[in-house]
Every structure is written in structure tokens, then in C-alpha cells.
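Asks: For reference, each letter of the sequence shown is one residue, going 3 to 231 in the numbering used here.
C-beta: ideal position from N, C-alpha, C; glycine also.
Every value quoted in this text rests on a predicted model; they were computed, and no experiment measured them.
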Amino acid sequence: MLKKILILMLALWGPPVLANPENDAAWFMTHFVDQRYLDGVYSHGQWHSTRAHREALLERGVIIVDDERFAEMLSETAIEETVQRLKSRIATVIIESYGPKHLSEIADFFRTPLGGEMLLIAEDNDLFEDLRYASSLNGAIHKWKHYLSPIERIRYMTFTNSPAGQVFVNQTWAVRTSINAEIRKRWNWPDLPLNRPYIVEILKADGIALFPNPIMRRSLIRELSATNP
Numbered sequence: 003m004l005k006k007i008l009i010l011m012l013a014l015w016g017p018p019v020l021a022n023p024e025n026d027a028a029w030f031m032t033h034f035v036d037q038r039y040l041d042g043v044y045s046h047g048q049w050h051s052t053r054a055h056r057e058a059l060l061e062r063g064v065i066i067v068d069d070e071r072f073a074e075m076l077s078e079t080a081i082e083e084t085v086q087r088l089k090s091r092i093a094t095v096i097i098e099s100y101g102p103k104h105l106s107e108i109a110d111f112f113r114t115p116l117g118g119e120m121l122l123i124a125e126d127n128d129l130f131e132d133l134r135y136a137s138s139l140n141g142a143i144h145k146w147k148h149y150l151s152p153i154e155r156i157r158y159m160t161f162t163n164s165p166a167g168q169v170f171v172n173q174t175w176a177v178r179t180s181i182n183a184e185i186r187k188r189w190n191w192p193d194l195p196l197n198r199p200y201i202v203e204i205l206k207a208d209g210i211a212l213f214p215n216p217i218m219r220r221s222l223i224r225e226l227s228a229t230n231p
């Protein structure tokens, strides 16, 4: 109920004054990305962060041999950074897929009172749940018309006939598919920064990481310590 009230309030207030592509992409994620995938990332943040950092270190020639201690020493900040970098990656996919101008116009429409009402209709009727095929999404988009008054239907069709509306209708399934694929690619997360205090402490600890030789260990610790933010 609270989520519905917030959606309606945001719609009534209209577009934010300082709207930008990143804000529009964040808005899109809230309403048109399969939340079960994002929820899985958040709820399993420790596992995802541990795996991502382990692979980043492996690329530098470091093998983690004590996974339990490694996970314990990774801070909450590491998890937050990992999730934030994934969200930034998803935002980039959204912006590049729609283009900043069209994305802004799509978001502006759905931030209007009519757009907010349509988002509530979609939520109440699960219009965007489990859309595995393009035809399913197109059907969901067109189903909206059945819940609208004649005047609202005309306004919605005016939007869908606009260049931005056409992009929304024709591209959204492909965008959702691309985003879900990015989230599921456990082996293809963005490179993580290793110049963090908790990583240095892990590398200094005995029995957690295996290096090819002691010289490399000292060199990497010195490098990461010197570039700590």
C-alpha cells in the first residue's frame, strides 16, 4: 500500500526539476526491471561480493585459499560497492538502449498523473510479471488501454505514437532481457577496485591468500596501500 501511495504522490508532483539520465534509469529500474533478480543480488550481497572480489584478485595472480575468513574480512562497504557498481552498469544499459532523450520523455510521461495511474494498474494486475517473450510484453502494454477511460486512452495512444513512445513499445522487452542477462552473468561483473583498506588487510593476513612468490605479495600490498582512497 505504501509503495502505491508513493507512486501516486510522485506522479502528482510531476517530473523532478533536476531530472537527468541517471535518475531516469533509476526510475526505470524501479518499474520495469524484474525485481526478483535485483532482490536476489541484494539478499545475497555477501556471496556476490565475495565471489566478485575473489575473481578480481585472481586476475592479479592471487588465489584465495580460505574462503570463510576472506568473506568475514570483507566489510559491508565492499558489498555496497559491489551492488552499486552493478546498478551503475544496469543504468548504462538502459541509457544506451533508449538514448537519454527518449528515456527522459518516457519517464516524464509515466511521472504524470495518468502515467502514475497506469503504473498502479500494472502493479495491481501483474502486467509485467514473468515477461519472458516479446509478445507477452507487447500484450501487457496494450492491455493498459482496457483499464483507461476514453480520454485517458487517447492520451496514452498519443504517447505510444510519439517517437519516444514507439521506442518504449518496441525496445522495452529487449532492454529488460539485456538487463536480466547482465544481472545473471555471475562471471562478468565489472572489475572491482582493490585499493581498499580491507583488501590490504586481507592480503597481509596469513593463510587467506596465496601468492606466486613473496616479492609479488609485498609489491601488490605496497601498490594497493599507496592508492587507497
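So which of Ser221, Leu205, Trp146, Ile204 has the shortest CA-CA distance to Glu119?
Replies: Taking only the C-alpha atoms, the option nearest Glu119 is Trp146.
Asks: Suppose you measure from the CA of Asn27 to the CA of Arg157; what does that come to, to the nearest Å?
Replies: The sequence given here has Ala at residue 27, not Asn. Roughly 23 Å separates the two Cα atoms.
Asks: Would you mind working out which of Thr229, His33, Leu226 sits nearest Asp126, comparing C-alpha positions?
Replies: When each option's Cα is compared against that of Asp126, the closest is His33.
Asks: Can you name the start and end residues of the alpha helix (DSSP H) that Val177 belongs to?
Replies: Unbroken alpha helix (DSSP H) run through Val177: 165-186.
Asks: Quick one: grab the DSSP three-state call for Ala136.
Replies: Confidence is the limiting factor: at Ala136 the pLDDT is only 47, short of 50, which leaves the residue's position unreliable and the question unanswerable from this model.
Asks: How long is the line joining the alpha carbons of Leu196 and Gly42, rounded to whole angstroms?
Replies: One C-alpha to the other measures close to 24 Å.
Asks: Per the DSSP calculation, Ala211 is bridged to which residue(s)?
Replies: Its beta-bridge partners are Ile66.
Asks: Mark Glu70 as exposed unless 16 or more other C-beta atoms lie within 10 angstroms of its C-beta, in which case mark it buried.
Replies: That one is exposed.
Asks: For the candidate residues Asn230, Gln173, Phe213, whose alpha-carbon lies nearest to that of Glu98?
Replies: For Glu98, the nearest C-alpha among the options comes from Gln173.
Asks: Taking 8 Å as the threshold, find out whether the stretch 198-215 comes into contact with the stretch 58-72 through three or more Cβ pairs.
Replies: Yes, the stretch 198-215 touches the stretch 58-72.
Asks: Sorted by chain position, which residues of the same chain lie with C-beta nearer than 7 Å to Ile81's C-beta, five sequence neighbours on each side aside?
Replies: Answer for Ile81: Gly47, Gln48, Ser51, listed in chain order.
Asks: What do you reckon, are the CB atoms on Ile92 and Ile181 nearer than 8 Å?
Replies: Yes. Within cutoff.
Asks: Note down, in chain order, each residue of its chain lying with its Cβ closer than 6 Å to the Cβ of Glu63, except the 5 sequence neighbours on either side.
Replies: It is Gly, not Glu, that sits at residue 63 in the sequence shown. Only Pro214 meet the Cβ criterion.
Asks: Cβ of Arg56 within 8 Å of Cβ of Phe30?
Replies: No, these two residues do not count as a Cβ contact at 8 Å.
Asks: Give me the residue from Ile143, Ser151, Phe161 with the minimum Cα distance to Phe111.
Replies: Considering only alpha carbons, the answer is Phe161.
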